[in-house]
Amino acid sequence: MLKHSRIEVKYYSQNRSHDLFEFQESLSGLSKSNRWVKLADHFPWDRIEREYNKRLRNSHNGAGNKPARMVVGALIVKHVEKQI
Numbered sequence: 001m002l003k004h005s006r007i008e009v010k011y012y013s014q015n016r017s018h019d020l021f022e023f024q025e026s027l028s029g030l031s032k033s034n035r036w037v038k039l040a041d042h043f044p045w046d047r048i049e050r051e052y053n054k055r056l057r058n059s060h061n062g063a064g065n066k067p068a069r070m071v072v073g074a075l076i077v078k079h080v081e082k083q084i
């Protein structure tokens with residue numbers, strides 16, 4: 001809850017996530033030769049997800065975190081594309 005003057009505003013997460021299996025099926029059509037698919041195969045996703053989730057645990061009940069693969073993947077794409 002944020003306070004601005006005397007007005008209290010509470011933000012809610014908009015849960016727009018898709019079913020995990022539905023999401024995986026949509027990615028199965030990507031070619032194994034796709035540069036992002038090749039790059040993703042080299043990452044220890046289990047370890048990344050554990051570390052990411054461990055650092056986001058807190059005593060506050062806030063909005064849920066975004067999936068680690070999405071956050072890390074977006075950062076990688078951002079930095080790779082910036083260099084090109």
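Just so we're aligned, residue 1 is where the sequence shown starts under full-length UniProt numbering, counting upward by one. From the three backbone atoms N, C-alpha and C, an ideal C-beta is built for every residue, glycine too.
Assuming residue 82 is part of the alpha helix (DSSP H), what are its boundary residues? Element bounds for residue 82: 68–83.
Kindly indicate which three-state DSSP category residue 34 falls into: helix, strand or coil? Coil.
The alpha helix (DSSP H) enclosing residue 46, as first and last residue numbers: That run of the alpha helix (DSSP H) goes 45–56.
With distances taken from CA atoms, which of 79, 30, 70, 65 is nearest residue 45? Here the closest residue by C-alpha is 70.
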